[in-house]
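Position 177 of the sequence shown, counted from 1, bears residue number 179 in our numbering, the numbering being contiguous throughout. Even for Gly, the Cβ is constructed at its ideal location relative to N, Cα and C. A short write-up of the structure that comes next.
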Amino acid sequence: MTITVNNRDYRIPARPVVAICVDGSEPAYIEEAVAAGVMPWTERIVGGAGADLRVNCVIPSFTNPNNLSIVTGASPAVHGICGNYFYDRVSEREVMMTAPELLRAPTLFEAFQKNGLRIGIVTAKDKLRGLLGAGLAFGDTGSVCFSAEHADQATLEENGIDRVTERLNRPLPSVYSADLSEFVFAAGVMLMETLALDVLYLSTTDYIQHKHPPGSDGANAFYAMMDNYWAQLEAFGALVALTADHGMNAKHNDAGDPDVIYLQDIIDEWDLGGQNGDGTARVVLTITDPYVVHHGALGSFCTIYLSDGADADDIAGRLRDLDGILTVYGNAEGCKEFELPPERMGDLIVISEKHKVLGSSVEHHDLSGLDVPLRSHGGVTEQRVPLILNRPTPDLDPGRRLRNFDAFDLGLNFAR
Numbered sequence: 003m004t005i006t007v008n009n010r011d012y013r014i015p016a017r018p019v020v021a022i023c024v025d026g027s028e029p030a031y032i033e034e035a036v037a038a039g040v041m042p043w044t045e046r047i048v049g050g051a052g053a054d055l056r057v058n059c060v061i062p063s064f065t066n067p068n069n070l071s072i073v074t075g076a077s078p079a080v081h082g083i084c085g086n087y088f089y090d091r092v093s094e095r096e097v098m099m100t101a102p103e104l105l106r107a108p109t110l111f112e113a114f115q116k117n118g119l120r121i122g123i124v125t126a127k128d129k130l131r132g133l134l135g136a137g138l139a140f141g142d143t144g145s146v147c148f149s150a151e152h153a154d155q156a157t158l159e160e161n162g163i164d165r166v167t168e169r170l171n172r173p174l175p176s177v178y179s180a181d182l183s184e185f186v187f188a189a190g191v192m193l194m195e196t197l198a199l200d201v202l203y204l205s206t207t208d209y210i211q212h213k214h215p216p217g218s219d220g221a222n223a224f225y226a227m228m229d230n231y232w233a234q235l236e237a238f239g240a241l242v243a244l245t246a247d248h249g250m251n252a253k254h255n256d257a258g259d260p261d262v263i264y265l266q267d268i269i270d271e272w273d274l275g276g277q278n279g280d281g282t283a284r285v286v287l288t289i290t291d292p293y294v295v296h297h298g299a300l301g302s303f304c305t306i307y308l309s310d311g312a313d314a315d316d317i318a319g320r321l322r323d324l325d326g327i328l329t330v331y332g333n334a335e336g337c338k339e340f341e342l343p344p345e346r347m348g349d350l351i352v353i354s355e356k357h358k359v360l361g362s363s364v365e366h367h368d369l370s371g372l373d374v375p376l377r378s379h380g381g382v383t384e385q386r387v388p389l390i391l392n393r394p395t396p397d398l399d400p401g402r403r404l405r406n407f408d409a410f411d412l413g414l415n416f417a418r
């Protein structure tokens, strides 16, 4: 039996399916940890027991658009979530993209539940919970959706479960810690044990990846922890499919300071036909979310809204000439290239080079929380991510273009 979601067909799972989004997992993290011998389960899987693939994530390479692409099997042009944050021209305000009503397409979870499957969703941060659980019924349905961040507030009516910290015998973790991700995995194992879920989706936080490079002691310890839980999840007879929402790169200079291009300040200083400093351009950093301590709202992608009469071509040309700018697109061109909804992007889309980040104005950013040299994401240089399944995919076309939102397709339609 198959279901169709967003014009893609999926087999109804005959065994439990666990899909995992490891936030910020540059492929080198797993490669280095496997080489160090601290991920025995993953080493077995990538060594031939399963499928070890490299795929592209959605651009902008941020959390919200990629998680929603994974769970809808579609690009942001379809589901509408094109960043963590966007500027609404109609209401003239900047909006956090967390509300379910902003989602324009159904998730696979909604379709699975309508076909009688029990769904479990655990996300590290609460910003994703409403979007991932959109269209689901909870209460006594056997399906659950909650965040580790607010696990102590989960109720049967709203989340399908209560007393989460009591059930896990774990305290509520800090949102800025590796413990938040471990809580997600411990909760996933608990749910499989107690609810016999058909589909489980787990989404972590990239706190570690923002602070520790691949192969470091901090990174390897974190990946060793995850490997242990992945083995436990497989033991339920589950097909395990894991990918990432984006990669991660160093974004600092030799002195260890963030290597930032402050676009709002730069544009405001230009002589733009008498409109200098008069609202000619509004730089919107779509990495922005409630959790900016570890990245200071600095990423490698932004969009710029121009006032009426502003010369978009002239401004784009000036931006391209700046040191550290990789590329600048107009709205139509950029949205076509990256499959984004044009009405939720600005007039220009700007992407920086691998080790540069984009800011608005100096005064806009609080960098006091950066206690290690900045690592961040958002651009095309953080686009390559792993897609690993614990079953082989012998019938998969080796020439097929793959993306992280093919995870459920490969897991349900190709894994053997």
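Rounded C-alpha distance that separates residue i from residue j
i      : j      : result
Val382 : Asp142 : 43 angstroms
Gly118 : Asp259 : 52 angstroms
Ser240 : Pro343 : Checking the sequence shown, residue 240 turns out to be Ala, not Ser. Looking at the two C-alpha atoms, the distance is approximately 35 angstroms.
Trp232 : Ala21  : 10 angstroms
Glu184 : Ser77  : 29 angstroms
Asn278 : Asn333 : For Asn278, the predicted model reports a pLDDT of 42, less than 50, meaning its position is unreliable and no value from the coordinates is stated.
Gly380 : Val201 : 29 angstroms
Tyr209 : Ala223 : 13 angstroms
Asp261 : Asp128 : 30 angstroms
Tyr31  : Glu384 : 13 angstroms
Ile390 : Val48  : 7 angstroms
Val364 : Gln266 : 9 angstroms
Val359 : Cys84  : 19 angstroms
Ile327 : Gln155 : 43 angstroms
Beta carbon proximity, residue i to chain D, threshold 8 angstroms
i     : result
Arg10 : Any reference to chain D falls outside this structure, which holds one protein chain only.
Integer-rounded CB distance, given that residue j should sit under 8 angstroms from residue i
i      : j      : result
Phe410 : Thr395 : Not really, about 13 angstroms apart at Cβ, beyond 8 angstroms.
Tyr87  : Glu96  : 6 angstroms
Pro175 : Ala150 : 6 angstroms
Thr125 : Leu134 : 6 angstroms
Thr305 : Ala299 : At roughly 14 angstroms, the Cβ-Cβ gap does not stay under 8 angstroms, so Thr305 and Ala299 are not in contact.
Ser309 : Ile353 : Not quite, the Cβ-Cβ distance comes to about 22 angstroms (not below 8 angstroms), so this is no contact.
Ala312 : Ala283 : 7 angstroms
Gly190 : Leu235 : 6 angstroms
Ala2   : Glu341 : Residue 2 is absent from the structure shown; the chain starts at 3 and stops at 418.
Arg120 : Leu197 : 6 angstroms
Residues bridged to residue i [DSSP beta-bridge criterion]
i      : result
Ala53  : Leu391
His366 : Per DSSP, none; premise fails for His366.
Gly122 : Val146, Leu202
Met98  : Tyr87
Ser27  : Answer by DSSP bridge pairing: none, since Ser27 is not bridged.
Ile351 : Thr305, Tyr331
Ala243 : Ala21, Leu391
Ala283 : Leu308
Arg46  : Per DSSP, none; premise fails for Arg46.
Counted within 10 angstroms of its Cβ, other Cβ atoms place residue i as buried (16 or more) or exposed
i      : result
Asp270 : buried
Glu34  : buried
Leu412 : buried
Val146 : buried
Thr206 : buried
Asp11  : exposed
Val60  : buried
Thr65  : buried
Ser370 : exposed
Glu28  : buried
Glu355 : buried
Ala37  : exposed
Leu182 : buried
Arg165 : exposed
Val92  : exposed
Leu287 : buried
Residue i - DSSP class collapsed to helix/strand/coil
i      : result
His248 : coil
His81  : helix
Gly319 : helix
Phe140 : coil
Ser183 : helix
Tyr12  : strand
Ser176 : coil
Ala299 : coil
Ala409 : helix
His254 : strand
Gly361 : strand
Arg386 : strand
Val60  : coil
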